[in-house]
Amino acid sequence: MLKALRARAVDVRKDVVRMVGMAKSGHLASSLSLVDLLVYLYERELRLRAAEPQWPERDRFILSKRNGAPALYTVLAHGGFFPREELWNFRSLGAILQHRPEWRRTPGIDGPSGSPGLGLGLAGGLALGLVKKGCASRVFCLLGDSELETGTVWASIAMASRFALANLVALVDCNVAEGERLQTRAGERAFQAFGWTVAHVDGHSFADMEEVFGGLSAERSGPAALFVRTCLGKGVTFFEEGRWPRSTVAPGRDDVDRALGELNGLDGAEDGR
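The sequence shown begins at 1 in the UniProt record's numbering and counts up one residue at a time.
As structure tokens, then:
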């Protein structure tokens with residue numbers, strides 16, 4: 001099973017590189033860092049029906065880390081939510097895949113990705129609404145670690161604790177160097193102070209994700225926060241750890257060919273690659 005996940009992750013990374021290269025726009029390094037996590041979520045964790053995107057009993061997913069949109073779109077395409085060919089129209093006029101996810105336009109999207117720090121509040125509201133309806137569905141929200149600096153996130157942490165939203169899971173993407181983790185550690189303490197269950201996972205190890213998500217599935221009395229260790233540009237050596245000098249600029253044709261050459265050489269034998 002894990003081998004199939006690794007193979008899917010390689011295929012997704014290839015298409016992320018292609019779509020960003022064709023659009024000449026997109027946050028490639030951030031998207032590559034999220035591929036393994038999103039593949040695991042959509043293949044193993046989330047209860048969904050690709051043929052029925054608005055299935056009332058589905059789990060919900062909110063992408064607050066908006067720079068990861070290319071990765072999310074590609075995972076959705078590979079999951080059958082819309083044709084893979086839509087990826088090549090990324091950011092084109094009238095296309096269903098735009099710079100920021102839009103729930104009214106794109107199958108599989110449960111909410112918009114707005115200003116940084118707003119996603120967790122939206123996810124908390126969805127989770128509370130599901131509880132009020134007596135629905136057992138869960139809500140997952142993926143945040144960037146820098147969003148922990150915003151007051152709206154802290155207010156959302158307090159709100160979820162106040163209503164004991166056991167159906168809410170915050171996923172915090174931590175892709176900074178060890179010496180820069182002070183804000184992340186402060187965020188962990190904030191979650192803990194408000195009574196959230198806090199855990200950590202290697203965002204590029206499917207075996208670790210299987211174990212940690214299995215533990216989070218146990219009955220809880222309140223929300224959970226999972227801090228996910230990732231590497232910017234994962235899977236392509238010259239993108240990793242910020243070595244890509246233009247992290248917010250799409251790669252040129254030569255860079256796309258070079259990246260695809262590396263990815264074509266991966267056989268999925270290494271976990272998360």
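Glycine is no exception: its CB is placed at the ideal position from the N, C-alpha and C atoms.
Give the DSSP bridge partners of residue 171, in chain order. DSSP, once it has assigned bridges, lists 142 and 226 as partnering residue 171.
Under the DSSP definition of a beta bridge, which residues are partnered with residue 62? 141, per the DSSP bridge assignment.
Would you tell me roughly how many angstroms separate the C-alpha atoms of residue 139 and residue 167, rounded to the nearest one? If you draw a straight line from the Cα of residue 139 to the Cα of residue 167, it comes to about 6 Å.
Helix or strand or just coil, what does DSSP make of residue 11? Note: residue 11 maps to helix in three-state DSSP.
Looking only at its chain, what residues have a beta carbon closer than 8 Å to the beta carbon of residue 151, apart from the 5 residues adjacent to it on each side? Result list for residue 151: 117, in chain order.
Cβ-Cβ distance between residue 233 and residue 29 below 9 Å: Contact flag set, yes.
What is the DSSP secondary structure of residue 197, reduced to helix, strand or coil? Secondary structure at residue 197: strand, using DSSP grouped into helix, strand and coil.
Which of helix, strand or coil DSSP assigns to residue 257: Helix at residue 257.
Straight-line Cα distance separating residue 74 from residue 80: If you draw a straight line from the Cα of residue 80 to the Cα of residue 74, it comes to about 10 Å.
Can you give the beta carbon distance from residue 103 to residue 157, rounded, assuming they're within the 8 Å contact cut? With a Cβ gap of about 23 Å, residue 103 and residue 157 do not count as contacting.
What separation, rounded to the nearest whole angstrom, lies between the Cα atoms of residue 16 and residue 255? Cα to Cα, the separation comes out at about 13 Å.
Excluding the five sequence neighbours on either side, which residues of its own chain have a C-beta within less than 8 Å of the C-beta of residue 216, listed in chain order? Here the set comprises 169, 197, 199, 224 and 226.
Validate contact between the segment 128-138 and the segment 183-195 using beta carbons, cut 8 Å, 3 pairs: These segments do not touch.
I'd like to know whether the C-beta atoms of residue 161 and residue 58 end up nearer to each other than 9 Å. Here residue 161 is not near residue 58, since their CB atoms are 9 Å or more apart.
Taking only three categories from DSSP, how would you classify residue 4? If DSSP states are grouped into helix, strand and coil, residue 4 belongs with the helices.
List the endpoints of the continuous alpha helix (DSSP H) containing residue 211. Where residue 211 is concerned, the enclosing alpha helix (DSSP H) stretches over 206-216.
DSSP three-state assignment for residue 110, whether helix, strand or coil: Correct three-state label for residue 110: coil.
Sorted by chain position, which residues of the same chain lie with C-beta nearer than 7 Å to residue 190's C-beta, five sequence neighbours on each side aside? Closer than 7 Å at the Cβ level, and outside the excluded window around residue 190, lie 154 and 157.
What are the boundary residues of the alpha helix (DSSP H) that includes residue 51? Unbroken run through residue 51: none, as it is neither H nor E.
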